[in-house]
Amino acid sequence: MSDDWKAPDSEEREERNSWKLLEKTLLAGVQEQRRARRWGIFFKSLTFVYLFGALLMFSPLLRMGDGKATGDSHAAVINVRGMIADEESASADNIVGALRNAFEDSGTKGVVLRINSPGGSPVQSGYIYDEIRRLRGEHPDIKLYAVITDLGASGAYYIASAADEIYADKSSLVGSIGVTAATFGFVDTMEKLGVERRVYTSGEHKAFLDPFQPEKPEESEFWRSVLATTHRQFIDSVKQGRGERLQIAEHPELFSGLVWSGEQALELGLVDGLGSTSYVAREVIGEDNLVDFTVKDSALDRFTKRLGASVGSQLALWMGLQGPQLR
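In the numbering used here, the protein residues as written are 937 to 1263.
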């Protein structure tokens, strides 16, 4: 062993260890940055794929075939399901669009409006009612039949009354020709909690029906007159659609808001027969081939509409601003 060689002292060893530790730390940092970049690229790619798939799934191009027939002879079916209201699946826009497509299709031999609804907006119901009568006038050779499944009440029956004929199951619930509007009163609750309501308006009755203020008789009477006017419009439309088939003289309670079974409704003239959609298509229209013309929302559309509609309706109800409802 050479005499020039000397064993490293403790200071040199510490310096070497420090450099090794620093080197390991730097290498670890570089490796961590590389891993972070890889994961970043992975998650960005995953997000891109997800968004691309969502856009593809919810694209209107994928729903262009909804409500389009094959050209073969068929009975067109349109579903009226759930609340009849703007931004709902049973909105006037959706139903009217489906009706126009069905009537204008060269293969349509008859149209079936399959109804399962408690009613809803008198405005939306009125739009659909008027369009049904217009389309029937433009296409006299194509008959429209309303088929009530579980429920055809209020605004839903309003729509059905525009049909050439109405069918139901013997146990269906039919009728409820009336108008309702509801809110709450929180005056006593606020007094118990020691909460004071402060509202500022520029009109004497601008805050009428405010649930946080005592009810005023003259405003309540006015609101009842609004509901009575809507009810009269509802009755007039049903009479126009059903004509002499209604047993009004023997049953004045027809327009009282009561609801009947399908079997009872047949005796009262509210429906023309008992049967299902397939029965009407096969036995009345003479077609075994059914084509669905119902406008179908995407999953994203349904979620956003329900979220917006539920928030809006709850806010309106809380503020006492919910309008008349045919339900």
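Glycine is no exception: its CB is placed at the ideal position from the N, C-alpha and C atoms.
* ILE1113 by DSSP, collapsed to three states: which one? -> Here residue 1113 refers to the residue found at position 177 when the sequence shown is read from its first residue. Three-state result, ILE1113: coil.
* Asked: According to DSSP, which residues form a beta bridge with ARG1133?
  -> Here residue 1133 is taken as the residue at index 197 of the sequence shown, counted from 1. DSSP lists no partner for ARG1133.
* Report the rounded CA-to-CA distance for ALA1104 versus VAL1123, giving the unit in angstroms. => Indexing the sequence shown from 1 puts residue 1104 at position 168. Indexing the sequence shown from 1 puts residue 1123 at position 187. Within the model, the alpha-carbon separation for ALA1104 versus VAL1123 is close to 45 Å.
* Could you tell me whether the Cβ atoms of GLY1205 and LEU1182 are closer together than 8 Å? => If you number the sequence shown from 1, residue 1205 lands on position 269. If you number the sequence shown from 1, residue 1182 lands on position 246. The answer is yes: Cβ separation under 8 Å.
* **Best match in ALA1038, ARG1050, ALA1118 and LEU1071 for proximity to PRO1147 [C-alpha to C-alpha]** => Sequence index remark: in the sequence shown, residue 1147 carries index 211 (1-based). With respect to the C-alpha of PRO1147, the residue from ALA1038, ARG1050, ALA1118 and LEU1071 having the closest C-alpha is ALA1118.
* **Anticipated Cβ contact below 8 Å, ILE1110 with TYR1094, distance rounded** => As a first step, residue 1110 is located in the sequence shown; it is residue number 174 there, counting from the start. As a first step, residue 1094 is located in the sequence shown; it is residue number 158 there, counting from the start. In the sequence under discussion, the amino acid at residue 1110 is Val, which differs from the Ile named in the question. TYR1094 and VAL1110 do not touch by the CB rule: their CB atoms are close to 12 Å apart, not below 8 Å.
* Between which two residues does the beta strand (DSSP E) containing LEU1080 stretch? -> Reading the sequence shown from its first residue, position 144 is the one you call residue 1080. Element bounds for LEU1080: 1079-1089.
* Roughly how many angstroms lie between the CA atoms of LYS1232 and ALA964, to the nearest whole one? -> Start at 1 with the first residue of the sequence shown, and residue 1232 comes out as number 296. Start at 1 with the first residue of the sequence shown, and residue 964 comes out as number 28. Using only the alpha carbons, I get a separation of about 54 Å.
* Could you tell me whether the segment 1137-1155 touches the segment 1073-1093, where touching means 3 or more Cβ pairs closer than 8 Å? => Touching, no, given that fewer than three Cβ pairs across the two stretches are closer than 8 Å.
* Asked: Quick one, which of ALA1028, SER1108, LYS1175 and PRO1153 has its alpha-carbon nearest SER1097's?
  -> Within the sequence shown, residue 1097 is the residue found at index 161, counting from 1. For SER1097, the nearest C-alpha among the options comes from LYS1175.
* Asked: By the 10 Å Cβ neighbour count, where 16 or more other Cβ atoms means buried, how is GLN1060 classified, buried or exposed?
  -> One-based indexing of the sequence shown puts residue 1060 at position 124. Answer is buried; the Cβ neighbour count reaches 16.
* Decide if ARG1178 is buried, meaning its Cβ has at least 16 other Cβ atoms within 10 Å, or exposed. => The residue labelled residue 1178 in the question sits at position 242 within the sequence shown. With 16 or more Cβ atoms within 10 Å of its Cβ, ARG1178 is classed as buried.
* To do: Give me the Cα-Cα distance between ASP1029 and THR1230, rounded to the nearest whole angstrom.
  => Counted from its first residue, the sequence shown places residue 1029 at position 93. Counted from its first residue, the sequence shown places residue 1230 at position 294. In a straight line, the C-alpha of ASP1029 is about 11 Å away from that of THR1230.
* **Simplified DSSP state of ILE1184, which is helix, strand or coil** => Counting from 1 along the sequence shown, the entry for residue 1184 is found at position 248. Here ILE1184 sits in coil by DSSP.
* **Cβ-based neighbour list, GLU1223, same chain, cut-off 7 Å, excluding 5 preceding and 5 following** => Counting from 1 along the sequence shown, the entry for residue 1223 is found at position 287. Short of 7 Å from the beta carbon of GLU1223, and not among the five residues preceding or following it, lie these beta carbons of its own chain, in chain order: SER1009, HIS1010, ALA1011, LYS1045, GLY1046 and ALA1217.
* Just the C-alpha distance for ALA1034 and LEU1080, rounded to the nearest angstrom, thanks. => By one-based count along the sequence shown, residue 1034 stands at place 98. By one-based count along the sequence shown, residue 1080 stands at place 144. Distance from the CA atom of ALA1034 to the CA atom of LEU1080, rounded to whole angstroms, is 13 Å.
* Could you tell me which of LYS1106, GLY1193, ALA1082 and GLU1040 sits nearest to PRO1076, measuring between CA atoms? => Residue numbering aside, residue 1076 sits at position 140 when the sequence shown is read from its first letter. That would be GLU1040, whose Cα lies nearest to the Cα of PRO1076.
* Under 7 Å Cβ to Cβ from ILE1064, same chain only, skipping five residues before and after it: list those, please. => For the purposes of this step, residue 1064 is taken as the residue at position 128 of the sequence shown. The residues are ALA1028, ILE1031, VAL1032 and ILE1095.
* Asked: Would a C-beta distance cut-off of 8 Å place VAL1115 and LEU1190 closer than the cut-off?
  -> In the sequence shown, counting from the first residue as 1, residue 1115 sits at position 179. In the sequence shown, counting from the first residue as 1, residue 1190 sits at position 254. Against a cut-off of 8 Å, the Cβ pair of LEU1190 and VAL1115 comes out as no contact.
* Asked: Within 10 angstroms of its Cβ, does LEU1129 collect 16 or more other Cβ (buried), or is it exposed?
  -> Residue mapping note: residue 1129 aligns to position 193 of the sequence shown, counting from 1. Exposed: under 16 other Cβ atoms inside 10 Å.
* Asked: Grouping DSSP H, G and I as helix and E and B as strand, with all else coil, what is SER1156?
  -> Sequence index remark: in the sequence shown, residue 1156 carries index 220 (1-based). In the three-state reduction of the DSSP assignment, SER1156 falls in the helix class, which pools H, G and I.
* **For GLU968 and ASN953, the rounded distance between their alpha carbons** => The residue you call residue 953 lines up with position 17 of the sequence shown. The residue you call residue 968 lines up with position 32 of the sequence shown. Rounded to the nearest angstrom, the two C-alpha atoms are 22 Å apart.
* To do: Quick one: residues in its chain with C-beta nearer than 8 Å to the C-beta of VAL1135, no 5 flanking neighbours on either side, listed in chain order?
  => Residue mapping note: residue 1135 aligns to position 199 of the sequence shown, counting from 1. For VAL1135, where only same-chain residues beyond five positions count, the Cβ hits under 8 Å are ALA1143, ASP1146, PHE1148 and GLN1149.
* Asked: Taking the C-alpha atoms as reference points, what is the distance between VAL1048 and GLU1140?
  -> Here the question's residue 1048 lines up with position 112 in the sequence shown. Here the question's residue 1140 lines up with position 204 in the sequence shown. Each residue's alpha carbon lies about 49 Å from the other.
* What residues in its chain sit with their C-beta under 6 Å from that of ILE1171, if we drop five residues either side in the sequence? -> Against the sequence shown, residue 1171 aligns to sequence position 235. Non-local beta-carbon contacts of ILE1171 in its own chain, meaning distances under 6 Å to residues more than five positions away in sequence, involve PHE1191 in chain order.
* Kindly indicate which residue of ARG1050, ALA1026, SER1108 and ILE1014 has the alpha-carbon position closest to the one of ALA1038. => Along the sequence shown, one-based indexing puts residue 1038 at 102. Proximity to ALA1038 across ARG1050, ALA1026, SER1108 and ILE1014 peaks at ILE1014, based on C-alpha coordinates.
* Helix, strand or coil for LYS1232 per DSSP? -> Taking the first residue of the sequence shown as 1, we reach residue 1232 at position 296. Three-state result, LYS1232: coil.
* Endpoints, the alpha helix (DSSP H) within which LEU1204 is located -> The residue labelled residue 1204 in the question sits at position 268 within the sequence shown. Unbroken alpha helix (DSSP H) run through LEU1204: 1198-1204.
* **CA-to-CA distance, TRP1159 to ARG934, given in whole angstroms** => Residue numbering for the chain in the displayed model covers 937 to 1263; residue 934 lies beyond these limits and cannot be assessed.
* Taking the DSSP output, what are the residues bridged to SER1053? -> Taking the sequence shown and counting its residues from 1, the one referred to as residue 1053 is at position 117. Looking at the DSSP output, SER1053 bridges to GLY1088.
* To do: Give me the Cα-Cα distance between VAL1207 and ASP1100, rounded to the nearest whole angstrom.
  => On the sequence shown, position 271 is the one that residue 1207 refers to. On the sequence shown, position 164 is the one that residue 1100 refers to. Going by the C-alpha atoms only, they are around 11 Å apart.
* Distance, Cα to Cα, SER1057 vs ASP1022? -> Position 121 of the sequence shown holds residue 1057. Position 86 of the sequence shown holds residue 1022. Straight across, the Cα-Cα distance linking SER1057 with ASP1022 is about 8 Å.
* To do: Out of GLN1169, GLU1127, THR1085 and ARG1070, state which residue places its alpha-carbon closest to the alpha-carbon of GLU1199.
  => Taking the sequence shown and counting its residues from 1, one reaches residue 1199 at position 263. That would be THR1085, whose Cα lies nearest to the Cα of GLU1199.
* Where do the N-terminal and C-terminal ends of the beta strand (DSSP E) with ILE1020 fall, by residue? -> Counting from one through the sequence shown, the residue named residue 1020 turns up at place 84. No beta strand (DSSP E) holds ILE1020; DSSP gives it neither H nor E.
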